[in-house]
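For the sequence shown, this note's numbering assigns the number 1090 to the initial residue and increments by one for each residue that follows.
Heads up, the beta-carbon is just placed ideally off N, CA and C, and yes, glycines get one too.
This report refers to the structure that appears directly beneath it.
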Amino acid sequence: MTFELRHPNTADRQSGRILELMQRVDVLERMIGNKGVIVHGVGSGSPEPGFQNSWLNYDGGGPTGHQNLIFFKIGWMGFVQGTIKNGTVGVGVPVFNLPTRNRPLSIAQSIQRGPTDLPVVVNVNVNGDFCIVAANGGNSAISVNVFYLTNTYE
1090 MTFELRHPNT ADRQSGRILE LMQRVDVLER MIGNKGVIVH GVGSGSPEPG
1140 FQNSWLNYDG GGPTGHQNLI FFKIGWMGFV QGTIKNGTVG VGVPVFNLPT
1190 RNRPLSIAQS IQRGPTDLPV VVNVNVNGDF CIVAANGGNS AISVNVFYLT
1240 NTYE
């Protein structure tokens, strides 16, 4: 993969963000390849966990940087990444439930960017529930990139 490194101007700030995300994904792919890490796709069917409460993968298509929701772990760290849409927002209302070995050691909370660049609050609960607890600006496209300390080492 070849990247053109340049400072984004106002007109292509979004392109610069996409480039940065692509570089991060490239680094993660190299880490995953070297560690034998298993990447799980939410909603991709048994044995992977399904979506709950009307959530779906964004599936925007095209070169916009949208990715289906995935989760994986490296050592003690758990990761959830991707873009989702249209589900029910609320405390204790899960998007999906993480398997036991991918659950956080304690509740993990993260602030993400919503569809109108307003904050979205994400909780990863010790029972495995991954929840969007507040979505300022709506739930039409929520990109998440959450990491947390897990309860087991792999």
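Beta-carbon proximity check, residue i vs residue j, cutoff 7 Å
i, j, result
"Q1141", "P1188", "no"
"P1204", "A1230", "yes"
"F1161", "V1126", "yes"
"N1234", "Q1170", "yes"
"F1236", "M1166", "yes"
"V1178", "N1228", "yes"
Which residues DSSP lists as bridging residue i, in chain order
i, result
"F1160", "H1129 and V1169"
"V1184", "None; V1184 has no bridge partner."
"A1223", "V1210"
"P1193", "T1239"
"N1216", "In DSSP, N1216 forms no bridge with anything."
"N1146", "I1173"
Same chain, Cβ closer than 6 Å to residue i, five either side skipped, listed in chain order
i, result
"W1144", "I1173, G1176 and V1184"
"A1223", "V1210"
"L1194", "L1238 and N1240"
"S1040", "The requested residue 1040 is not part of the displayed model; the chain covers only 1090 to 1243."
Range covered by the beta strand (DSSP E) that runs through residue i
i, result
"Q1201", "A1197 to R1202"
"F1236", "I1231 to L1238"
Min CB distance residue i to chain C below 7 Å
i, result
"V1128", "Of the protein chains in the structure, only one exists, and it is not chain C."
Contact set for residue i: own chain, Cβ-Cβ below 8 Å, skip 5 residues either direction
i, result
"N1186", "P1138, Q1141, N1216, G1217, D1218 and F1219"
"T1206", "Note that residue 1206 corresponds to Asp in the displayed sequence, not to Thr. Within the same chain, D1206 has close Cβ partners G1226."
Contacting residues, own chain, Cβ-Cβ under 7 Å from residue i (five flanking each side not counted)
i, result
"R1192", "V1215, G1217, T1239 and N1240"
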